[in-house]
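Numbering follows our numbering, in which position 56 of the sequence shown is assigned residue number 502; successive positions increment by one, without gaps. Quick reminder that beta carbons are idealized off the backbone N, C-alpha and C, glycines included. Here the structure is laid out as structure tokens; the discussion comes afterwards.
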Amino acid sequence: MLFQTEIPVEMIIQIIIVSVASLIGILLLKLGLVIVKAEKKTGMKQVLIYYIIYLGTIMFIMLQLMFIEMRGFDIVAILGLSILAVFIVTNMINIFHDTGIKKAIFITVLLIIPITIAMSIIGPLMGEL
């Protein structure tokens, strides 16, 4: 698939959905930082970089789900990894932007939906390569 001459329409649609979800996530991160009056690193360039870091961290942690699925379905491990990913991203937001833990939880809640949409499409696309 990597060296095909034409790209399937389904893949183009998936790439557009991931792009829109990521753009919405970046805007929600910026909006959340403005709402909670974050003290550090609130410029748009920094918000973009930190959004990529948060997405990458969650993707790295949730990559373990692929190995869990190879063994068989285990809901406890999936729930545990999801909670771990949310906990780590919340603490990263708190550390990087100096918001306080309650405000970092608010920002994390804003980011859960766009990151989940992007991850659910990026994961299978990576498997096709």
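| said: Between the alpha carbons of S468 and T536, how many angstroms are there, rounded? | reply: 18 Å
| If you draw a straight line from the C-alpha of L475 to the C-alpha of N540, how long is it? | Here the alpha carbons of N540 and L475 stand approximately 13 Å from one another.
| task | Would you please state the rounded distance, in angstroms, between the beta carbons of L479 and V493? I believe it to be under 8 Å. | result | At roughly 7 Å, the Cβ-Cβ gap stays under 8 Å, so L479 and V493 are in contact.
| Using CA coordinates, which residue listed in I568, I463, F542, I507 is at the minimum distance from G526? | Checking every option, the nearest Cα to that of G526 belongs to I507.
| query | When the Cα atoms are used, what is the spatial distance from K491 to I559? | reply | The alpha-carbon atoms of K491 and I559 are separated by roughly 22 Å.
| said: Which residue wins for smallest C-alpha separation from A484, given the options H543, M538, I499, I458? | reply: For the residues H543, M538, I499, I458, the minimum Cα distance to A484 belongs to H543.
| request: From the DSSP output, in three-state form, read off L477 for me. | output: helix
| task | Answer yes or no: do M565 and I481 have a C-beta to C-beta separation smaller than 8 Å? | result | no
| field | First through last residue of the alpha helix (DSSP H) which encompasses S509 | value | The residue asked about is misnamed: residue 509 is Leu in this sequence, not Ser. In the DSSP annotation of this structure, L509 is not part of any alpha helix (DSSP H), being labelled neither H nor E.
| Alpha carbon of V532 to alpha carbon of I470, nearest angstrom | 18 Å
| field | Whole-angstrom C-beta distance between L511 and I529, which should lie under 8 Å | value | Their Cβ separation, rounded to whole angstroms, is 13 Å, which puts I529 and L511 out of contact at 8 Å.
| query | For the ligand GDP, is there a heavy atom less than 7 Å away from the beta-carbon of I567? | reply | In the structure on display, the ligand GDP does not appear, and there are no ligands present to speak of.
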